[in-house]
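Heads up: the sequence shown runs through residues 1 to 379, numbered per my numbering. Here a beta-carbon is modelled for each residue, glycine too, at the ideal position from N, C-alpha and C.
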Amino acid sequence: MYKSYSELAERRGAKIICDQYHKGVIAGSACRSLCDDHSLQFRHCLSTHPSRQVYTGVWGKAPVVIRCGLSQAPAEKGRELGLNHKTAPYRNPSKGTSIDEFRTMLLDFLKSRLGEVSNLQDLAQRHLSLADADRDGQVSLAEAKSLWALAHRDDFLFLVALRGTEHTPRLLGFCGDTFVTEYVRDGGLYGVPRLLDALAPAGLSRVFQGWFSPAWPHRARIAIGLLEFTEEVFHGSSGSFVLCEATSDIVARTDRHDAKVIGLHGMAPEASVRADLAARHCKEHADCLFGSACHASCDRLAQRCLPDSLEPNLPRICRLLQDYLIDDCPMAVRDELKRQLGVCTALRGGRARLELHHSLVLNGLKALLWKQISNAKDS
1 MYKSYSELAE RRGAKIICDQ YHKGVIAGSA CRSLCDDHSL QFRHCLSTHP
51 SRQVYTGVWG KAPVVIRCGL SQAPAEKGRE LGLNHKTAPY RNPSKGTSID
101 EFRTMLLDFL KSRLGEVSNL QDLAQRHLSL ADADRDGQVS LAEAKSLWAL
151 AHRDDFLFLV ALRGTEHTPR LLGFCGDTFV TEYVRDGGLY GVPRLLDALA
201 PAGLSRVFQG WFSPAWPHRA RIAIGLLEFT EEVFHGSSGS FVLCEATSDI
251 VARTDRHDAK VIGLHGMAPE ASVRADLAAR HCKEHADCLF GSACHASCDR
301 LAQRCLPDSL EPNLPRICRL LQDYLIDDCP MAVRDELKRQ LGVCTALRGG
351 RARLELHHSL VLNGLKALLW KQISNAKDS
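In structure tokens:
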């Protein structure tokens, strides 16, 4: 007898993954641990959304996060973030595909998702290296099918593209289109335990945020990390990504108060978002919404969305940080911090204009925060 829906979903999901692994359909560096020696185990469900099954778990003795594949999720609207399967996930590549043909498939797909970026060849090679899960110098058909399915997940694509950054969880392994990352303490910007936050009446949310919120110098350090992350995805060599679910829950923090962006499902390649918007008909601005937070304008005369009007990440992040930083902010910087955050939230205009202002505004905020906390005991 299962204790909950999440336990039923977890066991069903693990059975589906392992059945496909034992049939030789999929492969991956985490398959043996999950399906044979059971050293990779599910623990608690973090989401019951049908297209975003996320669990805490343990791998050996280390805590991890397991992001389940979406191949068994019911069909959803095409603008759902994080999922880009256009066919059954393990249909491609077909038997007989050579490694050179698979590399070309990857390059074409990455170009369609990310646009013309400088390190496309390097990014394709990263994927191929990951595909060789058993490190035998070759990519089997099962490994290729698994990697191809993973590449169609924006959250996985985002992790691989930003490999090496200190502001995202480390990728530890995968099995089919399910992958495992390092565990980072949950609780969002404010540190409110997820269960308590879910059960709390709406009116008590701010009270709990006040109770669990870190000291201001720690909040400033977390904010700096989030601003640095915003810079990385705006000017990255792997293209630009947009953050289309900007809530306090997208961020976790380490014991050293470093920010880690865990809301991976809220990320999408800017090139693909712009392509989606350019193809949309609209009657009002609300028709030009991608995800829950990426807004563009509607040309009512032409009845088309205007992708060049897509709001950048930085104003959304600054709106998120306003209450977070202004509450009990040191009086010495309160007025200047409010002013700079106000300038940040008002950033508008096309990408060419933003290139001139984005770094100036972002670096000004980082400098102000660093100066304030550099000598603080709590920092």
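Beta-carbon to beta-carbon, N363 and T230 are separated by about 12 Å, too far to satisfy the 8 Å threshold.
The DSSP assignment places 154-161, 194-199, 205-212 as complete runs of the alpha helix (DSSP H) inside the segment 143-220, in order along the chain (cut-off: 4 residues).
The beta carbon of D155 is closer than 7 Å to those of R67, G82, L264, H265, M267 in its chain, skipping five residues each way along the sequence. In the displayed model, S248 falls within a helix according to three-state DSSP.
If you draw a straight line from the Cα of P315 to the Cα of C35, it comes to about 44 Å.
Judged by pairs of C-beta atoms under 8 Å, the segment 147-161 does not touch the segment 244-259, as fewer than three such pairs exist.
Residue pairing by DSSP places C294 opposite F290 in a beta bridge. For T56, the uninterrupted beta strand (DSSP E) segment begins and ends at 54-59.
Of all alpha-carbon atoms in R221, A14, L289, the one lying nearest the alpha-carbon of Q372 is that of R221.
Contact between the segment 88-108 and the segment 123-135 is present, with at least three C-beta pairs closer than 8 Å.
DSSP lists V54, F179 as the beta-bridge partner residues of R67. With respect to the 8 Å criterion, E232 and L162 are classified as neighbours on the basis of their beta carbons. Within 10 angstroms of the beta-carbon of P330 lie fewer than 16 other beta-carbons, which makes it exposed. Ranked by Cα distance from K95, the options Q340, A149, L141, S29 are led by L141. Burial check for R219: the Cβ neighbour count within 10 Å reaches 16 or more, so the residue is buried.
Pairwise C-beta distances place the segment 278-298 out of contact with the segment 174-184, as fewer than three of them are shorter than 8 Å. The beta carbon of Q53 sits closer than 6 Å to those of C68, all from its chain and outside the five residues before and after it, given in chain order. In the DSSP assignment, P269 forms a beta bridge with F241. A straight line joining the alpha-carbon of L320 with that of G187 spans about 15 Å.
Sequence-distant partners of R170 (beyond 5 residues in either direction) whose C-beta falls short of 8 Å from its own C-beta, in its chain, are T181, E182.
Taking all protein chains shown into account, A124 has 16 or more neighbouring C-beta atoms within 10 Å of its C-beta and is therefore buried. Cα atoms of L354 and L347: separation of roughly 8 Å, rounded to the nearest angstrom. CA-to-CA, the gap between R339 and L369 works out to about 13 Å. For A133, there is no enclosing alpha helix (DSSP H), as DSSP marks it with neither H nor E.
Judged by beta-carbon spacing, G210 lies beyond the 8 Å limit of H167, meaning their Cβ atoms are not closer than that value. Per DSSP, C45 is one residue of the beta strand (DSSP E) stretching across 40-47. The C-beta separation of L114 from S238 comes to about 6 Å, placing the pair in contact by the 8 Å criterion. Non-local beta-carbon contacts of L310 in its own chain, meaning distances under 6 Å to residues more than five positions away in sequence, involve A296 in chain order. Taking all protein chains in view, the Cβ of T254 is surrounded by fewer than 16 other Cβ atoms within 10 Å, so the residue is classified as exposed. By the CB criterion at 8 Å, P269 and F234 fall outside the cutoff.
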